[in-house]
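Student: Residue numbers (the working numbering): 1 to 299. Note that beta-carbon positions come from the ideal geometry of N, C-alpha and C, so glycine has one too. Sending over a structure as structure tokens; questions will come in a sec.
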Ligand code: PRT
Ligand code: ZN
């Protein structure tokens, strides 16, 4: 396979998404070696290489077909999508799937002591943000005119510096807002990491790898919460016990040697299994209950 038919994936170089993104590829089977400059990782066992860049550059690299795939927050994806659209760029990169990390929200925050009674309070005010396109859409959708002050960082100090009345910034725990004497008023976008893919049609063998990686990522995300339960159950209690198994569709029922009134039940549970569930199963008559982690899954 020649170099050009290798998949190129853009990941954040150093930040909140870096470890989870690389870990995801490793869980999908990737074994890699790092380039000398640390800017790339080369897949040793699959035709996939990783390019490390700033997260803000990921949508551009995918849009320009420099990379086939990228992992980046929905906040950045949405901001870039709106910016590209405004410039009349078409077709746009595609969003393949959302991932279970990088969760945060883009919210309007208000300085302590300042009155805020919902969106109309923004009318005619200055709002500092690094997400001008998302904020503009929000204001437009709510029919409110306000001044957007676009900053490249340190948005939370803008009100104190007298540069803005409100801010619109990412929040996860909320402690940064509190430390800066701000409170979270309205959420305008829920975000988490996602995979995007090039708008340009890719050749068949690359497409095949994109498909395989999507299936594997799906599997990796599902197994995180999944458990395999095995137990013995009285036949008479089977219906009750099946109902207690969290998130499992149709369990396998296996006869037990030497007894006809008990069976073994095996089930994949798509949700975490807590002690309370085991206690309920036991009360319902189950015995020899085993809960095992699921390592890999392919639907
Ligand atoms: O250098 P580069 O440009 O690549 O990195 P960056 O500094 O732009 O991004 P980085 O690593 O901070 O975040 C990357 C992505 O992680 C974001 O685009 C989001 O999709 C996601 N993410 C998840 C977050 C947060 N949680 C988050 N809390 N991004 C930023 N924050 C900020 C928040 O704005 C606040 O200032 O972290 C601070 C702490 O948040 P609290 O609420 O927990 O105090
Ligand atoms: Zn960034």
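Any contact between the segment 138 to 147 and the segment 118 to 127? By contact I mean 3 or more CB pairs, one from each, below 8 Å.
Tutor: yes
Student: List the whole-angstrom C-beta distance separating residue 10 from residue 53, where the pair is believed to meet the contact cut-off of C-beta under 8 Å.
Tutor: Residue mapping note: residue 10 aligns to position 10 of the chain shown, counting from 1. Residue mapping note: residue 53 aligns to position 53 of the chain shown, counting from 1. Right, their Cβ atoms sit about 6 Å apart.
Student: Under the criterion of a Cβ to heavy atom distance below 7 Å, does residue 169 qualify as lining ligand 1?
Tutor: By 1-based counting over the chain shown, the position of residue 169 is 169. Within the cutoff, so yes.
Student: Which runs of the alpha helix (DSSP H) spanning at least 4 residues fall entirely within the segment 83 to 158, listed in chain order?
Tutor: 132 to 141
Student: Please confirm whether residue 73 and residue 62 have their CB atoms less than 8 Å apart.
Tutor: If you number the chain shown from 1, residue 73 lands on position 73. If you number the chain shown from 1, residue 62 lands on position 62. Not a contact, by the Cβ cut-off of 8 Å.
Student: Return the CA-CA distance between residue 8 and residue 16, expressed in angstroms with no decimal places.
Tutor: As a first step, residue 8 is located in the chain shown; it is residue number 8 there, counting from the start. As a first step, residue 16 is located in the chain shown; it is residue number 16 there, counting from the start. Answer to the nearest angstrom: the Cα atoms are 21 Å apart.
Student: Among 44, 112, 57, whose alpha-carbon lies nearest the alpha-carbon of residue 196?
Tutor: Taking the first residue of the chain shown as position 1, residue 196 is located at position 196. A check of alpha carbon separations from residue 196 across 44, 112, 57 identifies 57 as the nearest.
Student: Over what stretch of residues does the beta strand (DSSP E) that includes residue 73 continue unbroken?
Tutor: Here residue 73 corresponds to residue number 73 of the chain shown, with the count starting at 1. It spans 69 to 73 - the beta strand (DSSP E) in which residue 73 sits, taken as one unbroken run.
Student: So what's residue 288 in DSSP terms, helix, strand or just coil?
Tutor: Start at 1 with the first residue of the chain shown, and residue 288 comes out as number 288. In the structure shown, residue 288 adopts extended strand secondary structure according to DSSP, grouped into three states.
Student: Classify residue 276: buried if its beta carbon has 16 or more other beta carbons within 10 angstroms, exposed otherwise.
Tutor: What you label residue 276 is simply residue 276 of the chain shown in a count that begins at 1. Residue 276 comes out exposed.
Student: Less than 7 Å separating the Cβ of residue 6 from some heavy atom of ligand 2?
Tutor: What you label residue 6 is simply residue 6 of the chain shown in a count that begins at 1. The answer is no for residue 6.
Student: In its own chain, which residues sit with a C-beta less than 6 Å from the C-beta of residue 165, not counting the 5 before and 5 after it?
Tutor: Locating residue 165 in the chain shown gives position 165, counting from the first residue. Result list for residue 165: 125, 126, in chain order.
Student: CB-CB under 6 Å to residue 34, same chain, minus the five flanking residues each way: which ones, in chain order?
Tutor: Position 34 of the chain shown, counting from 1, holds the residue named residue 34. If we look at residue 34 and ignore the five residues flanking it on each side, its Cβ neighbours are 41.
Student: Could you check the C-alpha separation between residue 192 and residue 98 for me, to the nearest Å?
Tutor: Residue mapping note: residue 192 aligns to position 192 of the chain shown, counting from 1. Residue mapping note: residue 98 aligns to position 98 of the chain shown, counting from 1. Taking the straight line from one Cα to the other gives about 7 Å.
Student: Here's a check: name, in chain order, each residue in its chain whose Cβ is nearer than 7 Å to the Cβ of residue 190, leaving out the five neighbours to either side.
Tutor: Numbered from 1 along the chain shown, position 190 holds the residue referred to as residue 190. For residue 190, where only same-chain residues beyond five positions count, the Cβ hits under 7 Å are 105.
Student: Start and end of the beta strand (DSSP E) containing residue 34?
Tutor: What you label residue 34 is simply residue 34 of the chain shown in a count that begins at 1. If you look at residue 34, you'll find it in the beta strand (DSSP E) that goes 32 to 34.
Student: Here's the rule I'm using: 16 or more other beta-carbon atoms within 10 Å means buried, otherwise exposed. How should residue 110 be labelled?
Tutor: To locate residue 110, count along the chain shown from 1; it is residue 110. Residue 110 is buried by the Cβ-count criterion.
Student: Span of the beta strand (DSSP E) holding residue 190?
Tutor: Sequence index remark: in the chain shown, residue 190 carries index 190 (1-based). Where residue 190 is concerned, the enclosing beta strand (DSSP E) starts and stops at 182 to 191.
Student: In three-state DSSP terms, what is residue 201?
Tutor: Here residue 201 corresponds to residue number 201 of the chain shown, with the count starting at 1. Residue state, collapsed to three classes: coil.
Student: Should residue 180 be labelled buried (16 or more other beta-carbon atoms within 10 Å of its own) or exposed?
Tutor: Position 180 of the chain shown, counting from 1, holds the residue named residue 180. Counting Cβ neighbours within 10 Å, residue 180 comes out buried, since at least 16 surround it.
Student: So which of 228, 130, 172, 226 has the shortest CA-CA distance to residue 158?
Tutor: As a first step, residue 158 must be located in the chain shown, where it is residue number 158. If we check each option's Cα against that of residue 158, 130 comes out closest.
Student: Would you grab the beta carbon distance between residue 251 and residue 266 for me? Rounded to a whole angstrom, and I think it's under 8 Å.
Tutor: As a position in the chain shown, residue 251 is number 251, starting the count at 1. As a position in the chain shown, residue 266 is number 266, starting the count at 1. That pair is a contact at about 6 Å.
Student: Can you tell which of 64, 269, 148 has its C-alpha closest to the C-alpha of residue 202?
Tutor: Reading the chain shown from its first residue, position 202 is the one you call residue 202. Looking at the Cα atoms, 64 is the closest of the given residues.
Student: Taking the C-alpha atoms as reference points, what is the distance between residue 295 and residue 223?
Tutor: Here residue 295 refers to the residue found at position 295 when the chain shown is read from its first residue. Here residue 223 refers to the residue found at position 223 when the chain shown is read from its first residue. When rounded, the distance between both Cα atoms is 7 Å.
Student: For residue 160, which of 198, 173, 112, 188 has the nearest alpha-carbon?
Tutor: Your numbering for residue 160 matches position 160 in the chain shown. For residue 160, the closest C-alpha among the options 198, 173, 112, 188 is that of 112.
Student: Could you tell me the alpha carbon to alpha carbon distance between residue 225 and residue 209, rounded to whole angstroms?
Tutor: On the chain shown, position 225 is the one that residue 225 refers to. On the chain shown, position 209 is the one that residue 209 refers to. So the alpha carbons of these two residues sit roughly 25 Å apart.
Student: Are residue 284 and residue 231 closer than 8 Å when you measure CB to CB?
Tutor: Numbered from 1 along the chain shown, position 284 holds the residue referred to as residue 284. Numbered from 1 along the chain shown, position 231 holds the residue referred to as residue 231. No, Cβ-Cβ distance for residue 284 and residue 231 is not below 8 Å.
Student: Can you name the residues that DSSP bridges to residue 166?
Tutor: Here residue 166 corresponds to residue number 166 of the chain shown, with the count starting at 1. Answer by DSSP bridge pairing, in chain order: 127.
Student: With DSSP as the reference, please indicate the residues paired to residue 43 in a beta bridge.
Tutor: As a working mapping, residue 43 is identified with position 43 in the chain shown. BP columns for residue 43 point to 32.
Student: Output the distance between the C-alpha atoms of residue 3 and residue 200, rounded to the nearest integer angstrom.
Tutor: The count along the chain shown starts at 1 and reaches residue 3 at position 3. The count along the chain shown starts at 1 and reaches residue 200 at position 200. Its pLDDT being 49, under 50, residue 3 is placed unreliably in this model, and the coordinates cannot settle the point.
Student: For residue 87, count neighbouring Cβ atoms within 10 angstroms of its own Cβ and tell me buried if that reaches 16, exposed if not.
Tutor: In the chain shown, counting from the first residue as 1, residue 87 sits at position 87. The residue in question, residue 87, is exposed, as its Cβ has fewer than 16 Cβ neighbours within 10 Å.
Student: Could you tell me whether the Cβ atoms of residue 237 and residue 273 are closer together than 8 Å?
Tutor: The residue you call residue 237 lines up with position 237 of the chain shown. The residue you call residue 273 lines up with position 273 of the chain shown. Against a cut-off of 8 Å, the Cβ pair of residue 273 and residue 237 comes out as no contact.
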